[in-house]
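Trainee:
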Amino acid sequence: MNITIVRSINDLRSYVRKWKKSDESISIVPTMGALHAGHLSLVREATSLSDRVIVTLFVNPSQFESTEDLDKYPRNEDDDIEKLTPFNVDLLYAPQTDEIYPSGHSTKIVVSGVSQGLCGDFRPGHFDSVATVVGKLLAQSLADKAFFGEKDFQQLHVIKRMVLDLDLPVEIVPCKTIREPDQLALSSRNSQLSSNDRKIAPILAQTLFDAADQIKEGVDVATVLYNSKEKLIRSGFRKIDYIEFRADRDLRVLSKFDECGRIMAAVYLGKIRLIDNVEISKY
Ligand code: PAF
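Below is the structure:
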């Protein structure tokens, strides 16, 4: 099926108006392109739960740490369109930067609490930029449901909090992390790893799964976190931004396994920053 591409809010809105008039439900899958099986699982879920699906493709400049990082981000719209073709996607919304941030744009959404700590400590302003662009995409699309991956678990919490606090009439649907056979979480950044670093990368997920098992077995949380960090450093990860045990529900720091939690980590392999998390369920 050929995907219709729109690049302006006006064009997007004219489709949305038509669908709303005929009472069709609308889902949105926000992406920055460089689509992989993780994104496609969100698209699949969205198409199964709604009448109309919009995939957005916008590389949001303000959420990158540096222009070097932004420039390095993989972009290939034709490739992304090809990957979406087998799915029942109604629209690809791929605006230019000045459509999203026209001259004079001066509003920012700042979500406190859940955006502090973890990645928030290492990427100042990052979650303000994510919240702002997602807030805009939700307002532009008037979607009933929006799909986000659990791999970006803190981002998911920031977006849920924003939607709650701003009374936005949209349901946020979290989707499970998709992994390579060696357990590496899928990420658009994986393609930037050197071939040697690609061999080391799965040790991150493996370490988090091991840590989760140990915490479940009752090993002291601080000891597990300390040993996991040591293992990552010994394995060749250049820098560990954090490895922490947080509450699944609201990202509170947990020192004991007395409720559902997540082991969450951000690490560097060479110049590439990888994040991952593993759920530790009480059930
Ligand atoms: O997760 C991402 O790809 C981005 O942060 C998002 C949600 C599309 C906002 O730019």
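Taking the numbering used here as reference, the numbering of the sequence shown is continuous, increasing by one, and the terminal residue is 978.
By construction, the Cβ of each residue, glycine as well, lies at the ideal position given by its N, Cα and C atoms.
#1: Can you tell me which of the three DSSP states L813 falls into?
#2: If I measure Cβ to Cβ from K846 and keep anything under 6 angstroms in the same chain, skipping five residues before and after, which residues do I get?
#3: Is V868 near the ligand PAF, in the sense that its beta carbon is under 8 angstroms from a heavy atom of that ligand?
#4: Residues in the same chain with beta-carbon distance under 7 angstroms from K926, minus the five sequence neighbours each way, listed in chain order, please.
#5: Could you tell me how far apart the beta carbons of D785 and T699 are, in whole angstroms, since I believe they sit closer than 8 angstroms?
#6: In three-state terms, what does DSSP make of R968?
#7: Going by DSSP in three states, I721 sits in which element: helix, strand or coil?
#8: Pick helix, strand or coil for Y921, following the three-state DSSP scheme.
#9: So, helix, strand or coil for F904, using DSSP?
#10: Give a yes or no on whether the C-beta atoms belonging to F940 and F952 are separated by under 9 angstroms.
#11: Could you tell me how far apart the beta carbons of F904 and V853 are, in whole angstroms, since I believe they sit closer than 8 angstroms?
#12: Within 10 angstroms of its Cβ, does L859 collect 16 or more other Cβ (buried), or is it exposed?
#13: If you measure between the beta carbons of E777 and R747, is that distance less than 9 angstroms?
#14: For the alpha helix (DSSP H) that L851 lies in, which residues bound it at each end?
#15: Would the stretch 740-758 and the stretch 787-805 be scored as touching if the rule is three or more Cβ pairs under 8 angstroms?
#16: Run the proximity test for G844: is its beta-carbon closer than 8 angstroms to any non-hydrogen atom belonging to the ligand PAF?
#17: On the DSSP letters alone, give me the boundaries of the alpha helix (DSSP H) that F822 sits inside.
Mentor: Per the coordinate set shown:
#1: Three-state DSSP puts L813 in coil, outside helix and strand.
#2: Closer than 6 angstroms at Cβ, skipping near neighbours: T872 and A880.
#3: Checking every heavy atom of the ligand PAF against the Cβ of V868, none is found closer than 8 angstroms.
#4: T902
#5: 7 angstroms
#6: Under the three-state reduction of DSSP output, R968 falls in the strand class.
#7: strand
#8: helix
#9: helix
#10: Contact annotation: F940 and F952 have beta-carbon atoms nearer than 9 angstroms.
#11: About 25 angstroms; that fails the 8 angstroms criterion.
#12: exposed
#13: no
#14: Per DSSP, the unbroken alpha helix (DSSP H) holding L851 starts and ends at F848 to D860.
#15: yes
#16: yes
#17: H821 to S836
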